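**Student:**
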Amino acid sequence: MQFRTIEWTGDALLLLNQRLLPGRETVRRYSGAEGVAGAIRTMVVRGAPAIGVAAAFGLVLAVQSANRKDRPWRRAFGAAAEMLGGTRPTAVNLFWAIERMRKTASALPDDPAKAARRLEREAVAILEEDLEANRAMGAHGAKLLPANASVLTHCNAGALATAGYGTALGVIRAAVAAGKKIHVYVDETRPLLQGARLTAWELSKDKIQCTLITDNMAAKLLGDGKIDAAIVGADRIARNGDVANKIGTYGVAVLCRVHKVPFYVAAPRSTIDPAIRSGKEIPIEERDGREVTHLMGRRVAPAGVRVYNPSFDVTPARYVSAIVTEKGVLTPPLARGIRALFR
Ligand code: MRU
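Heads up, the sequence shown is in this note's numbering, so the first residue is 79 and it goes up one at a time.
Structure representation (structure tokens):
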């Protein structure tokens, strides 16, 4: 990989600023939890696993900073956990990482230096485990793709959305590394263009063949028989296998079903929310209408027009051909596989 999405220095978090890609590759340095929360909210860092990792380091920074000011670390930790948890509601990895850090914190003695060190180790483990999970998903998922395939993807579920390597793009990377000839069709992904700005950028950097399309072109490609499989990431998967992912994913899944093309989801176990029965219970983030009325800062709709801007949709489990996890590939009935994963 020729770039790092997230890097920990020991007392600061470095984030590649995804708002500016592909035009500018700049890294921002964060030394406090407030900054990290702002980075998640404004999508300097985005993608379900990546925001979980960032939040874990945000908590470490909160404790380190309380210790420097001689303030009680537990209070700082609690306040930071609340703030980070209030940034984005849909991706469960964020809450999963905060909860994991909270559990670690609750078992710690009061000694502030020891607490900071132990929490730092936990955040580093979350980052490293995510990388490992992505590699494992790649190995499992690559087998699903034909030796010569055109694969459609939506949004960015790549190295930029994770600690590295990626989930859906990790599967594609692994297939290419195994010698398969994969051509990726990249949905532009309105309104924030994660496909055009991020997926096309990281695939091009890795010299993986790709073609960019606008979202409304996918139906034509599928209708013309040009797509062999679709693979996407996920922000939260319910117990029954319903999948929340970037807005537009549901449409891709339905199109795949109509055209008898497999629709795969690649996601680590930390993206599955066993507390949620079905997709109906998944909170869907709604973002500022300016993301729809403006394109790269320029107004493209009349002033004052009413806007609906849900950031995610839910694909019902029945449209999902398989979920690739680090533990293996779950096939329908997905609910059964998910149950086994959490047993
Ligand atoms: O709003 P974003 O860019 O954070 O949305 C990201 C996605 O929907 C990704 O597909 C998902 O988080 C999976 S990333 C491995």
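A virtual CB, placed ideally from N, CA and C, is assigned to each residue, including glycine.
None of these values were measured; they are calculated from a predicted model.
#1: Just to confirm, is the Cβ distance from Leu426 to Val141 under 8 Å?
#2: Under three-state DSSP, which class holds Cys288?
#3: In terms of residues, what are the limits of the beta strand (DSSP E) holding Thr231?
#4: Can you check whether the CB of Ala241 is closer than 8 Å to the CB of Ile422?
#5: Hey, would you say the C-beta of Asp313 is under 7 Å away from at least one heavy atom of the ligand NAP?
#6: In terms of DSSP beta bridges, what is Asn95 paired with?
#7: Determine whether the beta carbon atoms of Pro224 and Asp306 lie at a separation below 8 Å.
#8: Report yes if the C-beta distance between Asn323 and Val310 is below 8 Å; otherwise report no.
#9: Excluding the 5 residues preceding and the 5 following Ala169 in the sequence, name in chain order all residues of the same chain whose CB lies nearer than 7 Å to its CB.
#10: On the DSSP bridge assignment, give the partners of Lys445 in chain order.
#11: On the DSSP bridge list, what partners appear for Trp279?
#12: Would you check whether the ligand MRU has a heavy atom nearer than 7 Å to the C-beta of Arg124?
#13: In three-state DSSP terms, what is Tyr397?
#14: From what residue to what residue does the beta strand (DSSP E) around Glu85 run?
#15: Rounding to the nearest angstrom, what Cα-Cα distance links Val339 and Thr409 in this structure?
#16: Per DSSP, what kind of secondary structure is Pro388 in: helix, strand or coil?
#17: If I measure Cβ to Cβ from Asp89 and keep anything under 7 Å in the same chain, skipping five residues before and after, which residues do I get?
#18: Can you give me the C-alpha to C-alpha distance between Arg251 and Gly216, rounded to a whole angstrom?
#19: Which same chain residues, not among the five before or five after Gln272, have their C-beta less than 6 Å away from its C-beta?
#20: Tell me, to the nearest whole angstrom, how far the beta carbon of Tyr328 is from that of Asp391; I am working on the premise that it is less than 8 Å.
#21: Within the present structure, is the beta-carbon of Asn323 separated from the nearest heavy atom of the ligand MRU by less than 7 Å?
#22: Can you tell me where the alpha helix (DSSP H) with Val370 in it begins and where it stops?
**Tutor:** Quick answer:
#1: Outside the displayed span of the chain (79 to 421) sits residue 426, for which this structure offers no information.
#2: For the purposes of this step, residue 288 is taken as residue 210 along the sequence shown, with counting starting at 1. Cys288 sits in a strand when the DSSP states are folded into three classes.
#3: Taking the sequence shown and counting its residues from 1, one reaches residue 231 at position 153. Per DSSP, the unbroken beta strand (DSSP E) holding Thr231 starts and ends at Asn226 to Thr231.
#4: No answer is possible for residue 422: it lies beyond the span of the chain, which begins at 79 and ends at 421.
#5: As far as ligands go, the structure on display features the ligand MRU and does not contain the ligand NAP.
#6: Position 17 of the sequence shown, counted from the first residue, corresponds to residue 95. The partner list for Asn95 (beta bridge, DSSP) is empty, contrary to what the question assumes.
#7: Looking up residue 224 in the sequence shown gives position 146. Looking up residue 306 in the sequence shown gives position 228. Yes, they are a contact pair.
#8: Stepping through the sequence shown from its first residue, residue 323 is reached at position 245. Stepping through the sequence shown from its first residue, residue 310 is reached at position 232. The answer is yes: Cβ separation under 8 Å.
#9: The count along the sequence shown starts at 1 and reaches residue 169 at position 91. The residues are Ala126, Ile129, Asp313 and Arg314.
#10: No statement about residue 445 is possible, as the shown extent of the chain runs from 79 to 421 and does not include it.
#11: In the sequence shown, the residue the question calls residue 279 occupies position 201. In DSSP, Trp279 forms no bridge with anything.
#12: Sequence index remark: in the sequence shown, residue 124 carries index 46 (1-based). Checking every heavy atom of the ligand MRU against the Cβ of Arg124, one is found closer than 7 Å.
#13: In the sequence shown, counting from the first residue as 1, residue 397 sits at position 319. The answer is helix: DSSP assigns Tyr397 an H, G or I state.
#14: Mapped onto the sequence shown, residue 85 falls at position 7. Unbroken beta strand (DSSP E) run through Glu85: Ile84 to Trp86.
#15: Translated into the one-based positions of the sequence shown, residue 339 becomes position 261. Translated into the one-based positions of the sequence shown, residue 409 becomes position 331. If you take the alpha carbons of Val339 and Thr409, they lie about 15 Å apart.
#16: Numbered from its first residue, the sequence shown carries residue 388 at position 310. In the structure shown, Pro388 sits in a strand (DSSP, three-state: E or B).
#17: Taking the sequence shown and counting its residues from 1, one reaches residue 89 at position 11. Cβ neighbours of Asp89 beyond the five flanking positions: Ser109 and Gln142.
#18: As a working mapping, residue 251 is identified with position 173 in the sequence shown. As a working mapping, residue 216 is identified with position 138 in the sequence shown. Distance between the alpha carbons of Arg251 and Gly216 is about 7 Å.
#19: Along the sequence shown, read from residue 1 onward, the residue named residue 272 stands at position 194. Within the same chain, and ignoring the five residues on either side of Gln272 in sequence, the residues whose Cβ sits closer than 6 Å to its Cβ are Cys233 and Asn234.
#20: The sequence position of residue 328 within the sequence shown is 250, counting from 1. The sequence position of residue 391 within the sequence shown is 313, counting from 1. Contact between Tyr328 and Asp391 holds, since their C-beta atoms are separated by about 4 Å, short of 8 Å.
#21: Taking the sequence shown and counting its residues from 1, one reaches residue 323 at position 245. Yes - the ligand MRU has a heavy atom lying nearer than 7 Å to the Cβ of Asn323.
#22: In the sequence shown, counting from the first residue as 1, residue 370 sits at position 292. Under the DSSP assignment, Val370 falls in the alpha helix (DSSP H) whose first and last residues are Arg368 to Thr371.
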